[in-house]
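Below: one structure, written as structure tokens.
Protein chains: 2
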Amino acid sequence: MTTDRLSTTLAALADPTRRAILARLAIGEATVNELAKPFDMSLQAVSKHLKMLERGGLITRTRQAQSRPCRIEPKALRDIHDWLNEYRRLWDDSLDRLDGYLKQLQSGENDDGKK
Amino acid sequence: MTTDRLSTTLAALADPTRRAILARLAIGEATVNELAKPFDMSLQAVSKHLKMLERGGLITRTRQAQSRPCRIEPKALRDIHDWLNEYRRLWDDSLDRLDGYLKQLQSGENDDGKK
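Chains as they are written, first to last, in our numbering: chain A, 486 to 600; chain B, 486 to 600.
Structure (structure tokens):
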């Protein structure tokens, strides 16, 4: 059902371990072994997560070296960011309303102070 | 496993129909009936999707009216946006590198033109 790219990317991110792996890869490339250690996970479990991230376009794995280090692919993250930007006015609006309300409260307080 | 809020929100968004429902709700509140029509879906199917969106904190449903209209909750979207911002330097960097490369190419072409 959810075969479109954005859905696959979002599904890949919908897991705290995969987001933690991504945060580690944001610092630099890492092999499966290097990723397994800090997460205290089996190589098999890490590989499964990497496959999901790869399918979501969030990482690529080098074919050259035998260790096949993983690299983060920021474009997939940017695509979600761009998609979210279409909703930005909604939360900007609600912040504006809150801001207006707070200013109104504050000016009310100042008025009281003047009395 | 994926019980944290960000994961639940991302999972709710990992479906094109649910993102389409959200796009509709960005325009204004709508009842299940109003949502079912354009999507040509059963009320039951729409309700299932709405439950996922509700669980992800992306919508709320009014308890007052019997029609229980749905409203978009932009905060959940902003939370993902904020989380993605931590990765922003990664795609900014890659854009900078591409920009530098294109400028380099262009200056090379200009040099050729001068010959």
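The beta carbon of each residue, even a glycine, is placed where N, CA and C say it ideally should be. On a predicted model such as this, the values are computed, not experimentally measured, just so you know.
Under a 10 Å Cβ-count criterion, E558/B is classified as buried, with 16 or more other Cβ atoms of the shown protein chains found around its own Cβ. Taking CB atoms only, R563/B has a neighbour in chain A less than 8 Å away. At least one CB of chain B lies nearer than 8 Å to the CB of P501/A. Residues of chain B with a Cβ closer than 9 Å to the Cβ of H534/A do not exist; the shortest Cβ-Cβ separation is about 12 Å. Counting only runs of 3+ residues, no beta strand (DSSP E) is found wholly inside the segment 507-532 of chain A.
Cβ atoms of R553/B and R563/B stay farther apart than 8 Å, at about 24 Å. Under a criterion of Cβ atoms nearer than 8 Å, no residue of chain B is adjacent to S527/A; the nearest Cβ is some 16 Å distant. For I506/B, there are no C-beta contacts with chain A under 8 Å, since the nearest C-beta of that chain is about 13 Å from it. About 6 Å separates the beta carbon of L520/A from that of R509/A, a gap short enough to meet the 8 Å contact definition. Using a Cβ-Cβ cut-off of 8 Å, D489/B counts as an interface residue toward chain A, since at least one Cβ of chain A sits closer than that to its own. A distance below 7 Å between beta-carbons, with the five flanking residues on each side excluded, links E514/B to the following residues of its chain, in chain order: P554, C555 and R556. A straight line joining the alpha-carbon of A561/B with that of R573/B spans about 19 Å. Interface residue (Cβ-Cβ distance to chain A less than 8 Å): A530/B is not classified as such. Note: T545/A is bridge-paired with R556/A in the DSSP secondary-structure output. For the 8 Å CB-CB criterion, V517/B and L507/B do not form a contact.
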